[in-house]
Amino acid sequence: MLTFTTQGRQPLFADAEMADTASTALLNPRLWIRSQLLAWVLMPDHWHGLVALGPWETLPDLVRGLKCNSARQVRATTPAVMQVWAAAYHDRAVRREEALVDAARYVVLNPVRAGLVRRVGDYRYWGAVWTRR
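When the letters of the sequence shown are read in order and numbered with the numbering used here, they come out as residues 8 to 140.
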């Protein structure tokens with residue numbers, strides 16, 4: 008599981024246009040050639056992804072690509088935003104196959120736990136390979 012936050016935990020993605028831009032950029036298929044995104048959620052001030060890292064990709068390279076691509080797109084549509092993401096990221100390995108679904112639930116239920124929506128289906132910025140949207 009992978010998490011990175013906005014610079015200064017600014018709620019940049021409370022703005023729908025910025026959230027649309029960032030989520031489209033983070034889901035860009037060319038970023039996911041070597042690895043698979045199993046579940047994700049874009050919150051106002053952070054992004055969570057449950058990632059199956061491919062054998063030919065390192066986590067730092069994947070994170071760099073995700074952050075650079077999404078930041079470039081956000082800055083192109085909102086020039087006033089100078090820095091989108093904080094430098095660091097947090098990762099936690101999910102070692103057991105059966106733990107993947109629990110981790111995916113944790114990821115996609117973030118908006119509910121944060122009180123942004125009552126049901127995850129009411130939130131726009133999430134996805135999982137196990138669901139149809």
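Just so it is clear, CB atoms sit at the ideal spot from N, CA and C, and this is done for glycine as well.
Discussion item. Between which two residues does the alpha helix (DSSP H) holding Thr138 run?
Written reply: As a working note, residue 138 is residue 131 in the sequence shown. Annotation: Thr138 is outside any alpha helix (DSSP H) and is labelled neither H nor E by DSSP.
Discussion item. Quick check: does the Cβ of Ala106 come within less than 6 Å of any heavy atom belonging to the ligand NAD?
Written reply: For the structure depicted, the ligand NAD is absent and the ligand set is empty, with no information on it obtainable.
Discussion item. To the nearest angstrom, how far is the alpha carbon of Val81 from that of Asp52?
Written reply: Position 74 of the sequence shown holds residue 81. Position 45 of the sequence shown holds residue 52. Computed Cα separation, rounded: 14 Å.
Worksheet entry | Cross-strand partners of Gln43 (DSSP beta bridge) | The sequence position of residue 43 within the sequence shown is 36, counting from 1. Beta-bridge annotation (DSSP): Gln43 is paired with Ala59.
Item to complete: To the nearest angstrom, report how far apart Glu104 and Gly122 are at their CA atoms.
Response: Residue mapping note: residue 104 aligns to position 97 of the sequence shown, counting from 1. Residue mapping note: residue 122 aligns to position 115 of the sequence shown, counting from 1. Within the model, the alpha-carbon separation for Glu104 versus Gly122 is close to 29 Å.
Practice prompt. With DSSP as the reference, label Asp129 as helix, strand or coil.
Written response: For the purposes of this step, residue 129 is taken as residue 122 along the sequence shown, with counting starting at 1. Helix, per DSSP.
Discussion item. What does the Cβ neighbour count give for His97, buried or exposed, with the cut at 16 atoms within 10 Å?
Written reply: Residue 97 sits at position 90 when you count from the first residue of the sequence shown. His97 should be labelled exposed.
Worksheet item: What are the residues that DSSP puts in a beta bridge with Thr13?
Response: Translated into positions along the sequence shown, residue 13 becomes position 6. Note: Thr13 sits in a beta bridge opposite Trp92.
Fill in: Extent of the continuous alpha helix (DSSP H) run through Thr84
Here residue 84 corresponds to residue number 77 of the sequence shown, with the count starting at 1. Counting along the chain, the alpha helix (DSSP H) containing Thr84 begins and ends at 66-84.
Discussion item. Suppose contacts are defined by Cβ-Cβ distances below 7 Å. Is Thr28 in contact with Thr84 by that definition?
Written reply: By 1-based counting over the sequence shown, the position of residue 28 is 21. By 1-based counting over the sequence shown, the position of residue 84 is 77. Closer than 7 Å, so yes.
Item to complete: Enumerate in chain order the residues of its own chain whose CB-to-CB distance from Ala135 is below 7 Å, with the five nearest sequence positions on each side excluded.
Response: In the sequence shown, counting from the first residue as 1, residue 135 sits at position 128. Leu45, Ala46, Ala111, Val115, listed in sequence order.
Item to complete: Go ahead and label Ala32 buried or exposed: buried means 16 or more other beta carbons lie within 10 angstroms of its beta carbon, across all protein chains shown.
Response: Along the sequence shown, read from residue 1 onward, the residue named residue 32 stands at position 25. The residue is buried, with at least 16 neighbouring Cβ atoms inside 10 Å.
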